[in-house]
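Residue numbers (my numbering), protein chains in the order written: chain G, 1 to 117; chain W, 1001 to 1115.
To start, the structure under review is shown below, and the notes come after it.
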Amino acid sequence: AQSVAQPEDQVNVAEGNPLTVKCTYSVSGNPYLFWYVQYPNRGLQFLLKYITGDNLVKGSYGFEAEFNKSQTSFHLKKPSALVSDSALYFCAVRDSGDLFGNEKLTFGTGTRLTIIP
Amino acid sequence: DGGITQSPKYLFRKEGQNVTLSCEQNLNHDAMYWYRQDPGQGLRLIYYSQIVNDFQKGDIAEGYSVSREKKESFPLTVTSAQKNPTAFYLCASSMQGTVEAYEQYFGPGTRLTVT
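Printed below as a string of structure tokens:
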């Protein structure tokens, strides 16, 4: 079974500082990994994904994520935080080894990111 | 939120009533999904459909039902058997493939309150 953990419910960062939102995963095969962002009372917006290849993935709004297979992690990062980055962030995983070709994603519980002016 | 519409945005029902949430997409996606979001629990999969006239139970299907008669539409019915129906419901869709892993696109959500 696939699973994903976001160990921090809340992350506070000063505006202009680098930010990191942590995610670890567990799958039986190779992982497909995703990050989404949610603003209040809205649906989720796709930020970036890792399928294969370069471990550093770049996405929307200046975000990037680093895939680390040995640590089974996929942390979301941004070099300089903006107040507008304040939102709820979700990590998700899909197991590429699923024999039935299921497209199911398993989501973490979310991390609320607050950027302090 | 582009391409997927959910209606209504807010829905209020009395306990014991069935209620149907609408989800429509114009992205020509084969796969569609229903999630439930509760504070502190993230998103949990209710049902998903990879092709018209076929759907599978997700992790928390009890008390819910779906249909997929058209590619564009995937309505969710919350039945009176669902013990805690008050939640934020999200519909999503994605392309389908065995090689590429496609991201899911989400609708704006429906907040259901049952009293």
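Beta carbons: idealized from backbone N, C-alpha and C, even for Gly.
Here the structure is a predicted model, which means the values were calculated and not measured.
Residue i - containing beta strand (DSSP E), residue span
i: valine 1066 of chain W; result: 1064-1066
i: phenylalanine 1088 of chain W; result: 1087-1094
i: leucine 82 of chain G; result: Per DSSP, leucine 82 of chain G belongs to no beta strand (DSSP E) and is neither H nor E.
i: glycine 1042 of chain W; result: 1042-1051
i: phenylalanine 1055 of chain W; result: 1054-1057
i: alanine 1081 of chain W; result: It is not in any beta strand (DSSP E) - alanine 1081 of chain W carries neither H nor E in the DSSP assignment.
i: aspartate 1030 of chain W; result: Premise fails: aspartate 1030 of chain W is in no beta strand (DSSP E) and is neither H nor E.
i: glutamine 1006 of chain W; result: 1004-1007
i: phenylalanine 1012 of chain W; result: 1010-1013
i: phenylalanine 90 of chain G; result: 87-95
i: threonine 111 of chain G; result: 111-116
i: threonine 1115 of chain W; result: First-last for threonine 1115 of chain W: undefined, no H or E at that position.
i: serine 3 of chain G; result: 3-5
Classification of residue i by the beta-carbon crowding that lies within 10 angstroms, buried from 16 upward
i: serine 1118 of chain W; result: Since the first and last residues shown for chain W are 1001 and 1115, residue 1118 of chain W lies out of range.
i: glutamine 38 of chain G; result: buried
i: phenylalanine 90 of chain G; result: buried
i: tyrosine 1010 of chain W; result: exposed
i: threonine 52 of chain G; result: exposed
i: aspartate 54 of chain G; result: exposed
i: glycine 29 of chain G; result: exposed
i: leucine 56 of chain G; result: exposed
i: glutamine 71 of chain G; result: exposed
i: glutamine 10 of chain G; result: exposed
i: threonine 1113 of chain W; result: exposed
i: serine 3 of chain G; result: exposed
i: serine 1093 of chain W; result: buried
i: tyrosine 61 of chain G; result: exposed
i: glutamate 1069 of chain W; result: exposed
i: glutamine 1006 of chain W; result: buried
| message | Restricting to runs no shorter than 3 residues, where is the beta strand (DSSP E) found entirely within the segment 8-73 of chain G? | response | 10-14, 19-21, 24-26, 31-38, 44-50, 56-58 and 64-68
| task | With 8 Å as the limit, tell me which residues of the segment 37-48 of chain G have their beta carbon closer than that to any beta carbon of chain W; keep them in chain order. | result | For the segment 37-48 of chain G, the residues whose beta carbon sits under 8 Å from a beta carbon of chain W are, in order, Asn41, Arg42, Gly43, Leu44, Gln45 and Phe46.
| task | Using a Cβ-Cβ cut-off of less than 7 Å, list which residues of the segment 1063-1089 of chain W approach chain G; keep chain order. | result | Taking 7 Å as the Cβ-Cβ cut-off against chain G, none of the residues of the segment 1063-1089 of chain W qualify.
| What are the residues of the segment 1031-1046 of chain W that lie near chain G, defined by any Cβ-Cβ distance shorter than 7 Å? | Result list: Ala1031, Gly1040, Gln1041, Gly1042, Leu1043 and Leu1045.
| request: Mind the definition here: the segment 73-90 of chain G touches the segment 3-18 of chain G only if three or more C-beta pairs lie below 8 Å; say whether that holds. | output: Taking a cut-off of 8 Å for Cβ pairs, the segment 73-90 of chain G and the segment 3-18 of chain G touch, as three or more such pairs fall below it.
| Is the segment 1076-1091 of chain W in contact with the segment 1017-1036 of chain W, if contact means three or more CB pairs nearer than 8 Å? | yes
| At a Cβ cut of 7 Å, what residues of the segment 68-90 of chain G count as close to chain W, listed as they run along the chain? | Within the segment 68-90 of chain G, those residues whose Cβ lies closer than 7 Å to any Cβ of chain W are, in chain order, Phe90.
| Positions along the segment 14-35 of chain G whose CB lies within less than 7 Å of some CB in chain W | Tyr32 and Phe34
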